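**Student:** This is the structure, below, for whatever I ask next.
Shown next as structure tokens:
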């Protein structure tokens, strides 16, 4: 129990210093995908793929976090704020001036995403690539 309480405390501290926003993405098949987004404070939003090579000085590295089976985006509540830290704070290498934008999604049937119909197709794992592409395109 102590480790569970310690993990909850770490998550609360991380979220307090780097609050996340939440959004829902409606996919073409009607499934809603819940996404949590952390980003470096006080920096304009990330530029879209079509204009990422523009030299506005506010480019961000985008990191997409995917949870495992029987899990959800809350798995990244401690890690994601560290990844979204301002430039110079990241130990894995330099980030652009805008820092990082970290997104963690809930696959269908997990977390706050909608659930698939019981009479729907059973190839849910095979569909994960589709949902990752849909979410990444919509963000």
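Numbering (my numbering), first residue to last: 368 to 506.
Cβ atoms here follow ideal geometry from the backbone N, Cα and C, with glycine treated the same way.
No experiment lies behind these values; they were computed from the predicted model shown.
For residue 485, count neighbouring Cβ atoms within 10 angstroms of its own Cβ and tell me buried if that reaches 16, exposed if not.
**Tutor:** Here residue 485 refers to the residue found at position 118 when the chain shown is read from its first residue. It counts as exposed.
**Student:** Taking the alpha-carbon positions, what's the residue 473 to residue 450 distance?
**Tutor:** Within the chain shown, numbered from 1, the residue matching residue 473 stands at position 106. Within the chain shown, numbered from 1, the residue matching residue 450 stands at position 83. Approximately 18 Å, taken between the alpha carbons.
**Student:** Can you tell me whether DSSP reads residue 451 as helix, strand or coil?
**Tutor:** Along the chain shown, one-based indexing puts residue 451 at 84. Looking at residue 451 - three-state DSSP - the assignment turns out to be coil, as it is neither helix nor strand.
**Student:** In the DSSP assignment, find the unbroken beta strand (DSSP E) run with residue 469 in it and report its ends.
**Tutor:** Taking the first residue of the chain shown as position 1, residue 469 is located at position 102. Residues 467-472.
**Student:** Quick one: grab the DSSP three-state call for residue 395.
**Tutor:** Start at 1 with the first residue of the chain shown, and residue 395 comes out as number 28. If DSSP states are grouped into helix, strand and coil, residue 395 belongs with coil.
**Student:** Which one or two residues does DSSP pair with residue 402 in a beta bridge?
**Tutor:** One-based indexing of the chain shown puts residue 402 at position 35. Residue 402 is bridged to 390, 472.
**Student:** Output the distance between the C-alpha atoms of residue 393 and residue 431, rounded to the nearest integer angstrom.
**Tutor:** Residue mapping note: residue 393 aligns to position 26 of the chain shown, counting from 1. Residue mapping note: residue 431 aligns to position 64 of the chain shown, counting from 1. Looking at the two C-alpha atoms, the distance is approximately 18 Å.
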